[in-house]
Amino acid sequence: MKKIIMIVLCIIFILISGCFSICLYTSIKLSKVKSNILKKNPEVHEVVSINSSGQWGEWFSYYSAVVEIDGSKFRVWPSEDGDISDYKERINE
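Quick look at the structure:
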């Protein structure tokens with residue numbers, strides 16, 4: 059019985075550690091893209107939100123971000139390096 063409890067506890071620990079590492083990796087990657095956007099695009103005053111639309115295992119990640127430029131918010135599609143390829147779908151509030 060003790061062996062079964064130890065095995066179950068080890069499996070739970072491995073699953074929790076895996077989920078935590080995936081969340082940490084995703085958070086670090088998104089903050090890196092956010093800082094690259096601000097660094098390479100001086101017209102962007104603030105990155106309001108950023109999301110990744112890629113799936114695990116894909117070679118290339120795709121991002122969408124809401125940025126503030128001159129007091130207006132725009133949706134942009136940046137690369138991982140912060141280069142904005144598809145520009146500006148204005149967001150009405």
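For the sequence shown, the working numbering assigns the number 59 to the initial residue and increments by one for each residue that follows. Quick reminder that beta carbons are idealized off the backbone N, C-alpha and C, glycines included.
Discussion item. Looking at the secondary structure, which residues open and close the alpha helix (DSSP H) in which Val-36 lies?
Written reply: In the structure displayed, the chain extends from 59 to 151; residue 36 sits before or after that span and is not available.
Fill in: Beta carbon of Ser-119 nearer than 8 Å to that of Trp-135
In the sequence shown, residue 119 corresponds to position 61, counting from 1. In the sequence shown, residue 135 corresponds to position 77, counting from 1. For Ser-119 and Trp-135, no; Cβs fall outside 8 Å.
Worksheet item: Helix or strand or just coil, what does DSSP make of Asp-141?
Response: Here residue 141 refers to the residue found at position 83 of the sequence shown. In this structure, Asp-141 counts as coil in the three-state DSSP scheme.
Item to complete: Identify which residue in Ile-69, Glu-126, Leu-67 and Glu-138 has its Cα closest to the Cα of Ile-86.
Response: Walking along the sequence shown from the start, residue 86 turns up at place 28. Ranking Ile-69, Glu-126, Leu-67 and Glu-138 by Cα distance to Ile-86 puts Glu-138 first.
Item to complete: Tell me whether Ser-119 sits in a helix, a strand or coil according to DSSP, three-state version.
Response: Locating residue 119 in the sequence shown gives position 61, counting from the first residue. Here Ser-119 sits in coil by DSSP.
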